[in-house]
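Reviewing the structure listed below.
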Amino acid sequence: MPFPKPTPEATVDSLARRILKVLEFVGADQHAGRDRVRMELSAQAQWRYSQLYRSELNGDVGSDLVNAMLERRAPMLLRLAMMCALTDLRLKVDIAHIEAAMAWIRYATASVRYVFVSAADKPRWHSRSIWPTGFWLLQGTRWATRSEISTDCFKGRITKAQIDACLDHLLTATPPKICVQVIQRSVDAPGSQTRIYRLV
Numbered sequence: 011m012p013f014p015k016p017t018p019e020a021t022v023d024s025l026a027r028r029i030l031k032v033l034e035f036v037g038a039d040q041h042a043g044r045d046r047v048r049m050e051l052s053a054q055a056q057w058r059y060s061q062l063y064r065s066e067l068n069g070d071v072g073s074d075l076v077n078a079m080l081e082r083r084a085p086m087l088l089r090l091a092m093m094c095a096l097t098d099l100r101l102k103v104d105i106a107h108i109e110a111a112m113a114w115i116r117y118a119t120a121s122v123r124y125v126f127v128s129a130a131d132k133p134r135w136h137s138r139s140i141w142p143t144g145f146w147l148l149q150g151t152r153w154a155t156r157s158e159i160s161t162d163c164f165k166g167r168i169t170k171a172q173i174d175a176c177l178d179h180l181l182t183a184t185p186p187k188i189c190v191q192v193i194q195r196s197v198d199a200p201g202s203q204t205r206i207y208r209l210v
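In my numbering, the protein residues as written are 11 to 210.
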């Protein structure tokens with residue numbers, strides 16, 4: 011919202027009281043003599059964490075860069091789950107806290123993939139970013155070759171393979187975003203067929 015309304019004072023006070031309860035629960039005012047609190051996972055939480063650790067938390071997300079950026083998902087999940095338990099004034103992490111923390115991990119994973127995934131690995135992301143405004147050359151009834159799209163739209167900054175992947179994705183979308191026409195070369199003309207593209 012461009013001009014959000016201020017949060018009611020009663021809501022702010024309620025949140026402040028909840029935070030104070032958490033700080034009192036962990037003994038934050040006694041940090042000089044007690045600078046740590048021991049927490050543990052319930053049996054159900056351990057079982058669920060083990061499941062996630064062997065699958066989603068260490069799974070390949072399709073890009074070496076993204077895999078490297080997300081390699082600490084498992085310990086981050088435990089930290090978030092502990093925070094969730096503390097807000098419930100509990101020192102034992104339960105399965106509900108694991109699931110809540112995992113929702114944040116999934117959100118972070120999706121965000122990293124959206125920002126950093128490469129066009130070669132995930133052409134649909136690149137296609138989304140360049141269609142339809144990126145293909146301004148194809149507006150109206152204008153047809154263009156891949157070479158023209160590369161030169162005029164992207165100034166040669168993305169590779170032939172990336173453009174091909176994007177074009178294939180747009181052609182196979184439901185419904186298709188673009189159409190293609192194949193122009194046959196004359197018998198005495200060397201080279202392959204020419205493909206030209208237009209927005210549907």
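Beta carbons are placed, not taken as given, at the ideal position from N, Cα and C, and that holds for glycine.
What did DSSP end up calling Arg123 once you bin it into helix, strand or coil?
Three-state result, Arg123: helix.
Can you pull the DSSP bridge partners for Thr204?
Ile193
Lys31 - DSSP class collapsed to helix/strand/coil
In the structure shown, Lys31 adopts helical secondary structure according to DSSP, grouped into three states.
Leaving out the 5 sequence neighbours to the left and right, which residues in its chain are closer than 8 Å to Asn68 when beta-carbon positions are compared?
Arg83 and Ala84
Residue closest to Leu75, alpha-carbon to alpha-carbon, out of Arg123, Arg64 and Gln194
Arg123
If you follow the alpha helix (DSSP H) that Arg90 is in, where does it begin and where does it stop?
First, the amino acid is wrong: residue 90 is Leu here, not Arg. Unbroken alpha helix (DSSP H) run through Leu90: Arg83 to Thr97.
State the Cα-Cα distance for the pair Gln203 and Ala154, rounded to the nearest angstrom.
In a straight line, the C-alpha of Gln203 is about 14 Å away from that of Ala154.
Bridge-paired residues (DSSP) for Glu50
Answer is Lys102, bridged to Glu50.
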